[in-house]
Amino acid sequence: MGFTSFNPTYAVADDLTKPYLADIDFAFIAPKTLRVNITVPEYKLVRIDRAAKAKGISRSAFFVDSAEQHIKNMGIANTVRKRQKKSMLPQSAVVNAILSGPL
Numbered sequence: 019m020g021f022t023s024f025n026p027t028y029a030v031a032d033d034l035t036k037p038y039l040a041d042i043d044f045a046f047i048a049p050k051t052l053r054v055n056i057t058v059p060e061y062k063l064v065r066i067d068r069a070a071k072a073k074g075i076s077r078s079a080f081f082v083d084s085a086e087q088h089i090k091n092m093g094i095a096n097t098v099r100k101r102q103k104k105s106m107l108p109q110s111a112v113v114n115a116i117l118s119g120p121l
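Each residue of the sequence shown is one higher than the one before, counting from 19 in my numbering.
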């Protein structure tokens with residue numbers, strides 16, 4: 019039982035007669051883009067715009083990148099993932115590897 023090969027986007031089960039269960043959030047594959055409205059002090063927005071320009075990205079991309087980095091630094095992603103694992107059936111090492119990948 020298990021997988022004969024592993025690639026982050028492709029895995030082959032060696033015994034297809036047994037069911038495999040994986041609880042994976044696929045929202046990251048085709049995310050819906052939403053418009054948001056935030057309030058920021060002008061001097062901070064100027065600093066944000068300069069930083070985004072220095073990185074060669076848009077203001078929106080800068081906000082998203084910064085928020086994702088902040089979430090990663092806080093360890094929130096790992097906390098959510100651990101809660102999901104507790105409620106799931108035992109999984110193979112490959113499914114665990116997929117679930118513990120980046121958000």
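Ideal Cβ positions, reconstructed from N, Cα and C, are used throughout, including at glycine.
For my contact list, residue i and residue j are in at a C-beta cut-off of 8 Å; report their separation, rounded to the angstrom.
{"i": "A85", "j": "R77", "result": "Not really, about 13 Å apart at Cβ, beyond 8 Å."}
{"i": "K73", "j": "F80", "result": "7 Å"}
Once DSSP output is grouped into helix, strand and coil, what is the label at residue i?
{"i": "N91", "result": "helix"}
{"i": "S76", "result": "coil"}
{"i": "F81", "result": "helix"}
{"i": "K62", "result": "helix"}
{"i": "R53", "result": "coil"}
{"i": "D43", "result": "coil"}
{"i": "A70", "result": "helix"}
{"i": "P37", "result": "coil"}
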